[in-house]
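Worksheet for the structure shown next.
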Amino acid sequence: MNTLGNDFQVSILGESHGDVVGVLVDGVPSGIPFDHTDVQPALLRRRPGQSDVTTPRDEGDVCTIDSGTKDGVTTGAPVLMLIHNEDVDSSKYHEFLTKPRPGHADLTARILFADRNDYRGGGMFSGRLTAGLVMAGSLARKYLAQRGIEVAAHVRKVADVEAPKLDTVEQIRENVEDNLVRCADPDAAERMTEAIREARDDEDSLGGIVQCIAEGLPPGLGEPLFQKVEGVVGHAMMSLPATKGVQFGQGYDATEMRGSEHNDNWTYDEAGRIETAQNDGGGVFGGITSGMPIRTEVIFKPPTSIGQPQDTIDLETGEDTSLTVEGRHDPCILPRAVPVVEATMACAIMDLFAMRRGRGHGGA
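When we follow our numbering, the leftmost residue of the sequence shown carries the number 5, and every step to the right adds one.
Written as structure tokens, this is what we have:
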């Protein structure tokens with residue numbers, strides 16, 4: 005399935021080297037002021053060709069809104085948004101029909117779709133399709149912003165270069181757009197940039213971690229079991245290409261802590277509102293939001309398309325062989341993944357709100 009969400013549904017469409025990529029968003033409330041100017045800034049942060057640490061593919065990524073709005077306001081009908089692909093070069097991909105790339109979906113997609121899938125540029129498995137998520141997320145963020153909910157992300161780790169974990173949206177936004185890698189820590193950003201350039205020059209690639217924070221959520225979103233906040237957000241994040249893990253709050257670090265260290269002690273702030281002394285749980289208890297910020301991290305593997313010779317198989321001869329991947333590829337997807345993670349978080353929160361309305365909470 006290419007559809008994400010229960011009541012706020014995001015259906016991704018298109019292929020990397022097809023005519024278009026896009027998204028159909030259903031379950032959209034009416035009355036949201038929304039036009040292409042709400043989408044374009046996020047798309048420009050995600051677009052290829054933006055710096056020397058991203059793929060040189062040059063796409064303008066100009067979106068059109070083709071249904072679901074009238075006079076710049078959502079009507080309640082499904083919203084269709086499209087981007088026409090402009091800079092397509094499929095000449096390097098025919099070899100992968102018989103020599104599947106290591107780490108890619110070439111072989112598994114061929115098996116699943118009985119050789120009928122569009123393999124060019126990775127087809128529907130390409131990171132290019134995350135443009136649809138960014139468009140849907142821009143719509144979700146417009147709705148959430150009206151309710152005081154803000155989402156921000158930054159690159160916290162590239163390979164072994166690590167920045168401190170942050171606690172607020174404001175901390176992220178202070179410096180995140182001041183460097184090529186979108187890391188909120190300037191010193192770490194400089195070292196990350198050099199690490200990516202070194203991997204690029206070695207015809208190799210790097211993975212890392214994107215940290216994402218959502219603030220302003222009310223307590224009481226989520227369900228106790230299969231639609232818990234971690235499940236809804238985690239499912240959405242794990243649907244992103246190259247994602248290998250998602251953690252909340254202290255995440256994996258909690259395995260090295262005692263309960264006396266990890267437990268979030270309840271307290272009242274100066275205005276008498278309930279909060280926790282720290283936020284080790286990442287804003288979620290029992291699968292339900294506590295009112296504290298949701299803190300999550302998304303782990304991405306290194307991009308699999310690298311220029312070094314790699315071992316593979318030849319499906320025509322039935323023998324082992326090797327290949328060298330040519331073409332235009334990211335040495336590290338983390339800088340472009342930041343707006344994608346933000347958008348995905350917004351879509352997941354939007355779905356949580358839609359499910360809450362279904363429980364009789366009205367427009368809450």
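Positions of the beta carbon are idealized from the N, C-alpha and C atoms, including for glycine.
Buried/exposed call for residue i, threshold 16 Cβ in 10 Å
i: Y147; result: buried
i: L229; result: exposed
i: N10; result: exposed
i: M261; result: exposed
i: T197; result: buried
i: H21; result: buried
i: Q254; result: buried
i: Y256; result: exposed
i: P313; result: exposed
i: S95; result: exposed
i: P190; result: exposed
i: G366; result: Only weak support is given to the placement of G366: the predicted model assigns it a pLDDT of 47, under 50, and the value that follows is read from those uncertain coordinates. G366 comes out exposed.
i: P297; result: buried
i: M349; result: buried
i: V77; result: exposed
i: I337; result: buried
Cβ-Cβ distance between residue i and residue j below 9 Å
i: V138; j: L47; result: yes
i: V250; j: V302; result: yes
i: A240; j: E154; result: no
i: G295; j: L244; result: no
i: P223; j: I115; result: no
i: P343; j: S55; result: no
i: H158; j: V214; result: yes
i: L210; j: P306; result: yes
i: A163; j: A188; result: no
i: A358; j: G31; result: yes
i: D315; j: P52; result: no
i: L184; j: A192; result: no
i: L133; j: G18; result: yes
i: V25; j: A135; result: yes
i: S142; j: D70; result: no
i: A281; j: G131; result: no
i: L170; j: R160; result: yes
Assigned secondary structure, residue i (DSSP; H/G/I helix, E/B strand, else coil)
i: F129; result: helix
i: V329; result: coil
i: V344; result: helix
i: D268; result: coil
i: I36; result: coil
i: I353; result: helix
i: G18; result: strand
i: E227; result: coil
i: V25; result: strand
i: E63; result: coil
i: V57; result: coil
i: T68; result: strand
i: V43; result: coil
i: L86; result: strand
9 Å Cβ cutoff, residue i in contact with chain D
i: L8; result: Absence of chain D from the displayed structure is noted, only one protein chain being present.
Heavy atom of the ligand PLP within 8 Å of residue i beta-carbon
i: L101; result: Questions concerning the ligand PLP fall outside what the structure shown contains, since it holds no ligand whatsoever.
Taking 8 Å as the cut-off, does the stretch 332 to 339 touch the stretch 58 to 76 (at least 3 CB pairs, one atom from each stretch)? yes
So, do the stretch 76 to 93 and the stretch 28 to 45 have three or more beta carbon pairs nearer to each other than 8 Å? The stretch 76 to 93, when compared against the stretch 28 to 45, does touch it at the 8 Å Cβ threshold.
Please give me, in chain order, every unbroken run of the alpha helix (DSSP H) with length at least 4 that falls completely inside the stretch 174 to 214. Positions of the alpha helix (DSSP H) runs, each at least 4 residues long and wholly inside the stretch 174 to 214, are given as 190 to 205 in order along the chain.
So, do the stretch 346 to 359 and the stretch 10 to 26 have three or more beta carbon pairs nearer to each other than 8 Å? yes
Would you call the stretch 171 to 179 and the stretch 105 to 125 in contact, with 3 or more CB pairs under 8 Å? no
Whole beta strand (DSSP E) runs in the stretch 250 to 329 with 3 or more residues, listed along the chain? 270 to 272, 278 to 280, 298 to 304, 314 to 318, 323 to 327
Is it true that the stretch 310 to 329 meets the stretch 200 to 209, where meeting means three or more beta-carbon pairs spaced less than 8 Å apart? yes
Segments of 3+ residues assigned as beta strand (DSSP E) that fall wholly inside the stretch 88 to 164: 154 to 162
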